[in-house]
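Structure record follows, encoded as C-alpha cells.
Protein chains in written order, with full-length UniProt numbering: chain A, 1 to 112; chain B, 1 to 888.
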C-alpha cells in the first residue's frame with residue numbers, strides 16, 4: 001500500500017498553510033494552530049515542520065515583502081503544492097475508507 | 001541606533017546568539033518571526049515575560065535544521081577542502097616531475113644547506129649554552145684582575161690564595177666564594193687500580209655556588225672534611241665497579257707521596273658545556289705547599305668564583321672592592337705605578353672585577369673558550385648558506401613562474417581567488433622545502449660521526465632531539481618556506497590574467513630582483529672564499545715560521561703524575577747512553593706544542609734589574625736541553641754536569657732577555673729575583689725561540705736547572721732514521737724505566753701542529769662553508785641561465801640568421817651574468833679585506849694580505865660562472881636556428 005510520509009503535526013501545519021492561503025508564515029501559522037486547536041505550539045516546532053514539509057515537496061516558499069513590525073525583515077511565505085494537496089486528500093481517503101469499514105460506529109466520550 | 005529607547009527590545013545577547021548559530025540563509029525569516037512574536041507577546045503578557053519567552057524561543061531553535069548551513073545548489077567552501085588539496089598535491093607532483101632538474105637542484109641545494117646549517121647552529125648552540133645549567137647564574141661571577149699597565153690593559157683570571165677567604169670575611173653580600181684550582185692529571189688508586197684523572201682543588205662553597213647535581217652525598221657537607229673527595233659517576237664506575245664508593249678510601253699521588261681521601265659524594269658527570277671540568281674534587285687545603293702560600297698575595301694560582309646575594313649590583317660591588325684591592329694588593333699597585341701606570345677612567349690601576357658566569361666562557365682572557373665573535377661568525381655563516389639556498393629557490397621559482405604563468409591565468413579566469421593560488425603555489429614550494437628538509441636531516445644524521453671526528457665535537461642524536469633544538473630546526477624550516485616559497489607565490493598569484501593569457505608577461509620583467517639576488521649570492525661566496533684562503537695562509541705561515549729550535553725528530557713524552565720525572569729521566573739516560581740511535585735526552589717543565597696530555601703551564605718571574613722592571617718566562621730545563629732542541633749558542637755555554645753549581649744559581653737566557661736587562665755582554669753578569677735571594681749568574685745566551693704558540697708574541701726566557709723541581713716532560717732527539725721505529729723503541733724503553741705508567745709520547749712537530757688546531761678548524765669551517773656556498777650559487781646560476789636562455793631561444797635564432805657568429809652569441813648570453821659576478825666581487829673584496837685584517841690583527845705574527853688572493857678569487861669566480869653559463873650558452877649558440885624559429 002502506498003505510504004505518505006506525513007506526521008500528525010506536519011499534517012496540521014500543512015492544513016493551516018492551506019487555511020491561511022497566501023499569508024502562511026511562521027508566526028501566523030503558530031498563532032492559527034494555537035487558536036484552532038488549543039495546543040501549546042512553539043515557533044521552533046512549526047519552523048522545523050515547515051522545513052521538513054518543504055524537503056518532502058509538500059510546500060513551496062518564497063520570500064515576502066519587508067514589513068516594518070519585524071524590523072524590516074522579510075517573511076517566508078508558504079504555499080501548498082499539488083503533491084501536498086494530493087497527500088492531504090490521500091490521508092483523508094484512507095481515513096474515511098477505514099471508518100467506513102468499521103463494524104460499528106465509534107462512540108464519543110460523553111462523561112467522565 | 002535609530003531605535004527609540006522606550007520601545008521594548010528583545011535581549012541583545014539572545015539575538016547575538018541566534019545570529020551566531022543560525023544558518024545565514026534562515027536568519028532573516030527566523031529572526032523576523034521571533035521579533036514579531038516578541039512584540040505580539042509584549043502586548044499580551046508584558047515586556048518582562050516577553051523577554052524571557054524570547055530567550056526560551058531562541059534556545060528552542062538550537063536544532064539541526066536551523067544550524068545546518070545550506071548545501072544545495074552552490075556549496076560554500078568547506079573548512080578543509082580535501083578534494084581541492086588532493087588536486088593541488090597531484091598538480092604539484094606532476095609539475096615537479098616534469099621539471100625534474102629544477103626540483104633536484106632546488107631540493108639538493110636546500111638539503112645541503114639545511115645539513116650544514118644544522119651542524120653550524122648545533123655548534124653555536126652548544127657554545128652559547130655553556131654554563132647555562134647552573135641555577136642563579138646571574139648571581140655567580142668569576143673574579144679577575146684588571147691591570148692598567150702602561151703598555152696595555154691586561155686582564156688576568158688567576159687569583160692569590162688568600163683572596164676568597166678575605167672577600168668572604170669582609171663582605172656580607174658574598175654568599176659563597178670558592179677557589180677552583182685545576183691541576184695537571186693526578187694518579188688515583190683504589191686497591192691496586194690506577195687511573196690518571198683531573199683532580200680539582202676547591203672550597204666547600206663550591207656546591208653552594210654551582211649546581212652540579214650530586215647523586216650521593218649531601219651538598220652542604222660533602223667537602224666539610226679536609227680529607228673528603230667527591231668523584232664523578234664515571235670515575236666511580238672505573239675505580240669501584242659495582243661497589244658503593246661512599247666512605248671508601250682513595251689514594252692520590254705518585255710513588256712515595258700518596259695521600260688517602262675518603263669518598264664523601266658522587267657527582268653526575270660534568271656536562272660537556274661546563275667551563276669547569278674535573279673528575280674529582282678535593283679541598284684546596286690539600287695543596288702541597290698550602291701552609292706556605294695561603295697568605296701570599298703575590299702568587300696567582302687559581303680561578304675564583306663568588307655568588308653574590310640577590311639584587312646586588314655588579315658595578316656597585318666592583319666599586320666597593322676598591323678599598324679591598326688597595327688594602328691587600330698594595331705591592332702590585334706600587335710596582336705598576338713605578339712603571340708609570342695611570343688610573344683608567346674608573347680610577348683603577350689594579351682592581352678586582354667580576355665577570356658573570358654566562359660570559360665567562362667567551363672571555364678569552366680568563367677562560368679557554370672561543371671568542372664570542374667566533375660563535376657569531378658560525379651563526380653568520382650558517383645564515384649565509386641558508387640564505388644562498390633560499391635565493392636559489394626564489395630565483396628558480398620566479399624564473400619558472402613565466403612558464404607557469406599560463407596556468408595561473410587559466411586558473412584565475414576560471415575563478416580561482418588570489419588566496420587560493422597563493423596557497424597552491426606556496427604549497428608546492430613547501431613540498432619541495434619539506435623534501436629538502438627531510439633529506440637534510442637524514443644527511444645530518446649520516447654525517448654526524450664525520451663531523452664529530454673532524455671538529456672534535458661530541459654531538460649525539462640525543463642532542464638534536466632536545467626541545468630547543470627541534471624548535472630551532474622547525475623554525476628554520478618555517479622561515480625558509482615563508483621566505484623562499486612565499487615571495488614567488490605572492491608574485492605569481494598577483495599575475496594579471498588578461499596579460500598572462502596574451503603572453504605579455506615574459507617581456508615585461510627585467511628581473512632586477514633576480515639579478516640582485518645573484519649578486520648577493522656570489523658576493524657571499526666570494527667573501528667566504530677570500531676569508532678561507534687568508535685563514536689558510538695564516539695557519540700555514542704560523543706552521544712554517546721557524547720557531548728558533550729544530551722540531552723534527554724529537555719525541556716528547558709527558559711523564560704523568562705517578563712516576564717521578566727526574567728518576568725516569570736518569571734511568572733513561574743510563575739505559576740509552578750508548579745507543580747510537582739516540583742523539584740526546586733532556587727534561588723540562590713545559591711541553592712544546594700540545595702533547596697528548598693536553599696540558600700546558602707557564603711560570604713567569606718578574607724582578608728589578610738595575611732599576612729596570614724585568615719579566616721573563618722561568619723555564620725549568622735539564623742538561624742537554626739546548627743540544628736536544630739544537631738551539632745555537634750565541635755566547636757562553638750550556639749547563640754542564642761538570643759544574644756542580646749550575647743546578648743552583650746559573651741560568652741561560654735568550655737574546656730578548658739580554659735586551660730587556662740592557663746588557664750587551666750578559667754572560668757572567670749577576671741578577672737577583674728578590675733582594676733577599678741568591679745572586680744568579682748568566683752563563684749563556686741563545687737566540688729567541690717560541691716556547692708558546694705563534695698566537696703569542698715571543699717573550700724573554702730564562703732557563704734554569706734545579707734538582708728539586710719536578711720534571712714533567714722528557715724530550716728525546718733520535719737519529720734521522722725511521723720515525724715510527726724510533727717511537728716503538730721509546731715505547732719499549734718506557735715500560736722499563738717507568739713501569740705502570742702509560743706511554744703518551746708524540747713527535748714535537750705533531751705537538752706544534754696541535755697548537756694551530758683551533759685556527760685550522762676555523763679555516764676548515766670557512767673552507768667548507770665557502771665550498772658549499774660556491775656550489776649552491778653555481779647550481780642556482782646554472783638553472784637560471786638554463787631558463788633565461790630557453791626564453792631567448794627565438795632571439796638567438798634571429799641573431800644567427802642575421803649572421804651572428806657563435807662566439808658573439810656566447811658573449812651576448814654570458815655577458816649579463818658575468819656583469820653580475822663582477823659587481824658581486826666588487827662588493828665582497830673590500831669586505832673580506834676589512835674583516836680579515838681585523839682577524840689578523842689579533843696575531844702578533846701575521847701575513848700581509850696579498851692583492852693576488854683577491855685577484856685569484858675574482859678570476860676563479862668569474863671562470864666558474866663562465867663555465868656554468870657557458871655550457872648553456874654554447875648549446876644555445878650551436879642549435880639550428882630553423883628549429884628555434886619554426887616553433888611557435
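Beta carbons: idealized from backbone N, C-alpha and C, even for Gly.
Measuring CB to CB, does residue i end up less than 8 Å from residue j?
{"i": "residue 142 of chain B", "j": "residue 355 of chain B", "result": "yes"}
{"i": "residue 350 of chain B", "j": "residue 325 of chain B", "result": "yes"}
{"i": "residue 838 of chain B", "j": "residue 849 of chain B", "result": "no"}
{"i": "residue 106 of chain B", "j": "residue 482 of chain B", "result": "no"}
{"i": "residue 160 of chain B", "j": "residue 341 of chain B", "result": "no"}
{"i": "residue 180 of chain B", "j": "residue 317 of chain B", "result": "no"}
{"i": "residue 877 of chain B", "j": "residue 381 of chain B", "result": "no"}
Identify every residue that forms a DSSP beta bridge with residue i.
{"i": "residue 670 of chain B", "result": "B/681"}
{"i": "residue 471 of chain B", "result": "Beta-bridge pairing links residue 471 of chain B to no other residue."}
{"i": "residue 307 of chain B", "result": "B/140 and B/176"}
{"i": "residue 302 of chain B", "result": "B/159"}
{"i": "residue 564 of chain B", "result": "Answer is none; residue 564 of chain B lacks a bridge partner."}
What's the call for residue i, buried or exposed, on a 16-neighbour Cβ count within 10 Å?
{"i": "residue 1 of chain A", "result": "For residue 1 of chain A, the predicted model reports a pLDDT of 40, less than 50, meaning its position is unreliable and no value from the coordinates is stated."}
{"i": "residue 100 of chain A", "result": "exposed"}
{"i": "residue 825 of chain B", "result": "buried"}
{"i": "residue 428 of chain B", "result": "buried"}
{"i": "residue 762 of chain B", "result": "buried"}
{"i": "residue 852 of chain B", "result": "exposed"}
{"i": "residue 508 of chain B", "result": "Confidence in residue 508 of chain B is poor, its pLDDT being 44 and thus under 50, which makes the residue's placement too unreliable to answer from."}
{"i": "residue 574 of chain B", "result": "exposed"}
{"i": "residue 197 of chain B", "result": "buried"}
{"i": "residue 426 of chain B", "result": "buried"}
{"i": "residue 631 of chain B", "result": "buried"}
{"i": "residue 700 of chain B", "result": "buried"}
{"i": "residue 36 of chain B", "result": "buried"}
{"i": "residue 224 of chain B", "result": "exposed"}
{"i": "residue 370 of chain B", "result": "buried"}
From the beta carbon of residue i, is the nearest beta carbon of chain B less than 8 Å away?
{"i": "residue 14 of chain A", "result": "no"}
{"i": "residue 10 of chain A", "result": "no"}
{"i": "residue 35 of chain A", "result": "no"}
{"i": "residue 44 of chain A", "result": "yes"}
{"i": "residue 5 of chain A", "result": "no"}
{"i": "residue 108 of chain A", "result": "no"}
{"i": "residue 26 of chain A", "result": "yes"}
{"i": "residue 54 of chain A", "result": "no"}
{"i": "residue 32 of chain A", "result": "no"}
Locate the beta strand (DSSP E) running through residue i, then write down its first and last residues.
{"i": "residue 245 of chain B", "result": "Per DSSP, residue 245 of chain B belongs to no beta strand (DSSP E) and is neither H nor E."}
{"i": "residue 618 of chain B", "result": "612 to 621"}
{"i": "residue 63 of chain A", "result": "59 to 66"}
{"i": "residue 154 of chain B", "result": "153 to 156"}
{"i": "residue 74 of chain A", "result": "74 to 80"}
{"i": "residue 356 of chain B", "result": "350 to 356"}
Residue i CB to nearest chain A CB: under 8 Å?
{"i": "residue 488 of chain B", "result": "no"}
{"i": "residue 54 of chain B", "result": "no"}
{"i": "residue 387 of chain B", "result": "no"}
{"i": "residue 41 of chain B", "result": "no"}
{"i": "residue 2 of chain B", "result": "Any reading at residue 2 of chain B needs caution, since the residue's pLDDT is 44, under 50, leaving its predicted position unreliable; the model's value is listed next. With 8 Å as the cut-off, residue 2 of chain B does not count as an interface residue toward chain A."}
{"i": "residue 19 of chain B", "result": "no"}
{"i": "residue 93 of chain B", "result": "no"}
{"i": "residue 47 of chain B", "result": "no"}
{"i": "residue 110 of chain B", "result": "no"}
{"i": "residue 423 of chain B", "result": "no"}
{"i": "residue 383 of chain B", "result": "no"}
{"i": "residue 507 of chain B", "result": "The predicted position of residue 507 of chain B is uncertain, since its pLDDT is 42 and thus under 50; no value can be drawn from it."}
Which two residues bound the contiguous alpha helix (DSSP H) that contains residue i?
{"i": "residue 14 of chain A", "result": "8 to 19"}
{"i": "residue 550 of chain B", "result": "No alpha helix (DSSP H) contains residue 550 of chain B, which DSSP labels as neither H nor E."}
{"i": "residue 766 of chain B", "result": "757 to 791"}
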